[in-house]
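In what follows, a structure is listed as structure tokens, so that the remarks can point back to it.
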């Protein structure tokens with residue numbers, strides 16, 4: 016795979032045409048340009064004596080790509096409140112690996128508060144003003160009456176426990 020540099024506005028334009036989480040920039044461009052992969056692959060193989068073998072994408076790389084695409088998506092950009100971005104990040108993390116998310120969420124709690132629970136009642140019992148909300152498309156509820164820095168800290172804990180790269184974790188936390 017080759018790497019090219021594009022201006023930020025061009026990258027955002029390409030990313031804005033994402034149709035689903037996990038879609039690569041190459042897939043988006045192929046679709047937009049109506050690029051015929053099979054015909055071009057045959058031409059490339061003929062031009063090269065030893066065609067390069069594509070490496071299969073690793074699950075870790077796919078997860079990183081999915082998080083980067085979330086950050087560039089219109090749906091994420093449209094979120095004006097930190098709590099809405101927080102919920103979207105949590106939902107995506109759960110979708111990428113429910114088991115790892117569960118392990119990370121169960122070890123995350125404050126001095127007197129429980130941050131994640133399987134039901135709203137548990138969170139209400141552990142604080143008087145927790146404002147629990149269900150994380151979309153997950154069985155989890157999370158407290159939302161925390162400052163933005165605490166929300167970032169919670170996401171950082173989960174992403175690092177899920178073994179995301181520190182740079183990506185910092186980038187995601189910086190957008191909340």
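Numbering (the working numbering), first residue to last: 16 to 191.
Built from N, CA and C at the ideal position, the CB exists for glycine as well.
Quick caveat, the model's predicted, so the values are computed rather than measured.
Roughly how many whole angstroms lie between the Cα atoms of residue i and residue j?
i	j	result
residue 18	residue 40	11 Å
residue 25	residue 126	45 Å
residue 80	residue 180	11 Å
residue 160	residue 184	22 Å
residue 105	residue 182	18 Å
residue 48	residue 30	14 Å
residue 124	residue 171	13 Å
residue 173	residue 131	11 Å
residue 69	residue 83	At residue 69, the pLDDT of 49 sits below 50, so the modelled position is not reliable; the number obtained from the coordinates is stated separately. Cα-Cα distance, rounded: 22 Å.
residue 149	residue 135	8 Å
residue 141	residue 95	28 Å
residue 22	residue 178	29 Å
residue 46	residue 133	40 Å
residue 65	residue 115	The predicted model places residue 65 with a pLDDT of 48, which falls under 50 and marks its position as unreliable, so this point remains unresolved.
residue 169	residue 155	14 Å
residue 93	residue 20	26 Å
residue 76	residue 189	21 Å
residue 37	residue 143	39 Å
residue 85	residue 122	25 Å
Taking the beta carbon of residue i as the centre, do at least 16 other beta carbons fall within 10 Å, making it buried, or is it exposed?
i	result
residue 187	buried
residue 113	exposed
residue 145	buried
residue 100	buried
Is the beta carbon of residue i sitting closer than 8 Å to the one on residue j?
i	j	result
residue 78	residue 103	no
residue 129	residue 139	no
residue 27	residue 87	yes
residue 176	residue 90	no
residue 158	residue 151	no
residue 43	residue 32	yes
If contacts are defined as beta-carbon pairs under 8 Å, then residue i and residue j qualify, I think. What distance do you get, rounded to the angstrom?
i	j	result
residue 163	residue 191	6 Å
residue 166	residue 120	Actually they are not in contact, since the Cβ atoms of residue 166 and residue 120 sit about 14 Å apart, beyond 8 Å.
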